[in-house]
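Participant: In terms of my numbering, the sequence shown opens at residue 842 and continues consecutively. The C-beta atom is built at its ideal place from N, Cα and C for all residues, glycine as well.
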Amino acid sequence: MKKILFFLSTVIMAFFPLAHATEVQAKFTLKNTWQRVETRHTIIQYQSSKYLVDFDDTISYSASGFSFGNLFSNSDANNPAGSLAKKLDALYERVQHILDMRGNLKKVRINLYPGKTELGEAYRTITGQECRVRAWYIFEANTIYVNIDDIDAGMLAHEMAHSIIDHFFAVRPPEATAEILAVYVDQHLED
Ligand SMILES: [Zn+2]
842 MKKILFFLST VIMAFFPLAH ATEVQAKFTL KNTWQRVETR HTIIQYQSSK YLVDFDDTIS
902 YSASGFSFGN LFSNSDANNP AGSLAKKLDA LYERVQHILD MRGNLKKVRI NLYPGKTELG
962 EAYRTITGQE CRVRAWYIFE ANTIYVNIDD IDAGMLAHEM AHSIIDHFFA VRPPEATAEI
1022 LAVYVDQHLE D
């Protein structure tokens, strides 16, 4: 009997984490209608190429620093992927510089949603709760979730900081520490 119990507990211990991991993973799996563009540091995921153009229009950033949206647009409707790659990678490297956490880390995914409703749906699917944030990052999926109608370079930099902080150290820092560092990035982005 003892032997059987031992065997059962081993089986349960062996299978439970796996079942749990599969269940968690399923929440993050995107339908095959999603497309992706890989940049040096990010993987942009979107369902319509229009979202890519809109995202490019919304994010104003250049390697030399901030540019303010309407003053001069650095978007490119003919090549939004190329234009975004430049901006996102420059922003990511700026965040790495502020944090002094350089090097090639695991590419962060950025899921684009066209509005508050779609972003809220994604939040509910993953957390089972109502969405009260404008953007968020999940370590388990190494993914940033954004509403292209309500995002800016500062918000994106904050979420990128979470991915960098969570992957730079062999052990993930405590949540409160990570948040302090991510807020520090927001505050020093324009320095
Ligand atoms: Zn945060």
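How many angstroms separate the CA atom of residue 878 from the CA atom of residue 965?
Facilitator: 25 Å
Participant: With distance defined between alpha-carbon atoms, name the residue in 954, 1011, 967 and 867 nearest to residue 942.
Facilitator: 1011
Participant: Taking a contact to mean a Cβ-Cβ separation below 9 Å, would you say residue 954 touches residue 882 in this structure?
Facilitator: For the 9 Å CB-CB criterion, residue 954 and residue 882 do not form a contact.
Participant: Below 8 Å, can you find three or more Cβ-Cβ pairs linking the region 1006-1026 to the region 961-976?
Facilitator: Verdict: no, contact absent.
Participant: DSSP three-state label for residue 1028, please.
Facilitator: DSSP places residue 1028 in helix when its eight states are reduced to three.
Participant: Is the beta carbon of residue 867 within less than 8 Å of some heavy atom of ligand 1?
Facilitator: no
Participant: Ligand 1 heavy atoms versus the CB of residue 1025: any closer than 8 Å?
Facilitator: no
Participant: Any chance the CB of residue 981 is under 8 Å from a heavy atom of ligand 1?
Facilitator: Not one heavy atom of ligand 1 sits closer than 8 Å to the Cβ of residue 981.
Participant: Helix, strand or coil: which one does DSSP assign to residue 966?
Facilitator: helix
Participant: Taking C-alpha atoms, which residue in 920, 946 and 872 lies nearest to residue 897?
Facilitator: 920
Participant: Just how far apart, CA to CA, sit residue 791 and residue 999?
Facilitator: The structure shown does not extend to residue 791, since the chain is modelled only from 842 to 1032, so the question has no answer here.
Participant: Is residue 1008 near ligand 2, in the sense that its beta carbon is under 8 Å from a heavy atom of that ligand?
Facilitator: Looking for ligand 2 in the displayed structure turns up nothing; the ligands present are ligand 1.
Participant: Just the C-alpha distance for residue 970 and residue 917, rounded to the nearest angstrom, thanks.
Facilitator: 37 Å
Participant: To which residues of the same chain is residue 869 closer than 6 Å at the C-beta, ignoring the five residues directly before and after it?
Facilitator: Around residue 869: 982.
Participant: Going straight from the alpha carbon of residue 1028 to that of residue 991, what length do you get?
Facilitator: A direct Cα-to-Cα measurement between residue 1028 and residue 991 gives close to 19 Å.
Participant: Using DSSP bridges, identify the partner residues of residue 984.
Facilitator: 950 and 979
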